[in-house]
Amino acid sequence: ILNFLREDRIYAAEWSQLSYPCERCGAGIKRGRYCDTCAKEMHKTFQAAAQHLETEVRRTGGGYHYDVRRPRKD
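Going by my numbering, the residue at position 10 of the sequence shown is 80; the numbering climbs one at a time, nothing skipped.
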């Protein structure tokens with residue numbers, strides 16, 4: 071049942087006493103894998119990491135290039 075709750079395949083009713091721990095902090099939750107606080111923190115962290123990677127890619131040129139002047143080794 072807990073796996074179904076974590077995967078949002080079933081929902082605990084709001085009036086229900088059923089809750090299970092957040093996978094990150096252990097707070098009681100009724101839906102998903104993480105509480106709202108942890109979900110917001112992780113979202114901010116992931117956004118910051120994605121922005122850092124994006125700026126790094128822009129700074130370094132971020133891709134592959136092929137030098138057509140270089141002869142092939144056969």
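Don't be surprised by glycine CBs; every beta carbon is placed ideally from N, CA and C.
In or out: residue i buried (at least 16 other Cβ within 10 Å) or exposed?
i      : result
Ile99  : buried
Cys105 : buried
Leu72  : exposed
Leu75  : buried
Let me check one thing: in DSSP terms, what residues is residue i bridge-paired to?
i     : result
Tyr90 : Ile99
Using the three-state DSSP reduction, which class does residue i fall into: helix, strand or coil?
i      : result
Cys108 : helix
Arg128 : helix
Lys114 : helix
Arg76  : helix
So residue i packs on residue j, CB below 8 angstroms; how close in whole Å?
i     : j     : result
Pro91 : Ala83 : About 19 angstroms separates the two Cβ atoms, so there is no contact after all.
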